[in-house]
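Participant: The numbering used here numbers the first residue of the sequence shown as 518 and each following residue consecutively. Note that CB positions come from ideal geometry on N, CA and C, so glycine has one too. Bear in mind the structure is a predicted one, so any value in this text is a computation, not a measurement.
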Amino acid sequence: MTVNAVHPGLVASNFAAADDVSRLGNRIMMKLIRPFSLSPEKGAATSIYVASSPELEGKTGGYYAKSRPAKTTKHAQDDEAAERLWTISEQLIAEGKAKAQSKGR
518 MTVNAVHPGL VASNFAAADD VSRLGNRIMM KLIRPFSLSP EKGAATSIYV
568 ASSPELEGKT GGYYAKSRPA KTTKHAQDDE AAERLWTISE QLIAEGKAKA
618 QSKGR
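Here it is as structure tokens:
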């Protein structure tokens with residue numbers, strides 16, 4: 518299995534548009550940051566590169582931004598924090614499944 522992480526950059530999208538509580542705030546924020554944002558197509562470029570580039574075939578554990586290898590922060594390399602995140606994620610998934618089952622889903 519090959520696993521890599523990508524940072525798409527600041528992408529101009531409607532990702533949070535359905536949130537009624539902050540819709541006005543989102544519109545204002547997007548107008549301010551849109552000039553600095555990437556189009557969705559440009560934002561997808563790194564993901565497409567990492568998924569389809571023959572030169573990355575078989576390479577795993579990388580982090581990519583702007584279609585090239587990028588450095589991670591020291592926090593991203595903290596194995597103890599990663600283990601805590603994994604454990605908490607498993608717990609939250611189990612809780613979510615239990616709630617869904619109790620509601621008959």
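(1) Is alanine 582 helix, strand or coil when you go by DSSP?
(2) Any contact between the segment 572 to 585 and the segment 600 to 617? By contact I mean 3 or more CB pairs, one from each, below 8 Å.
(3) Near proline 557, which residues of its chain fall below 8 Å by C-beta distance, leaving aside the five closest residues on each side in sequence?
(4) Measure the C-alpha to C-alpha separation of leucine 573 and glycine 621 and round it to an integer number of angstroms.
(5) Determine the extent of the beta strand (DSSP E) in which valine 523 is found, giving its start and end residues.
(6) Just tell me which of Ser584, Ser569, Ile550, Gly575 has its CA closest to the CA of threonine 563.
(7) Grab the span of the alpha helix (DSSP H) containing glycine 613 for me, first residue to last.
(8) Just to confirm the assignment, what range does the alpha helix (DSSP H) spanning methionine 547 have?
Facilitator: Per the coordinate set shown:
(1) If DSSP states are grouped into helix, strand and coil, alanine 582 belongs with the strands.
(2) Not touching, per the Cβ criterion.
(3) Sequence-distant partners of proline 557 (beyond 5 residues in either direction) whose C-beta falls short of 8 Å from its own C-beta, in its chain, are Val528, Ala529, Ser530.
(4) Each residue's Cα considered, the two are about 44 Å apart.
(5) Here the beta strand (DSSP E) through valine 523 covers 522 to 524.
(6) Selection Ser584, Ser569, Ile550, Gly575 evaluated against threonine 563 yields Ser584 as nearest (Cα-Cα).
(7) Counting along the chain, the alpha helix (DSSP H) containing glycine 613 begins and ends at 596 to 619.
(8) Run containing methionine 547: 540 to 550, per the alpha helix (DSSP H) assignment.
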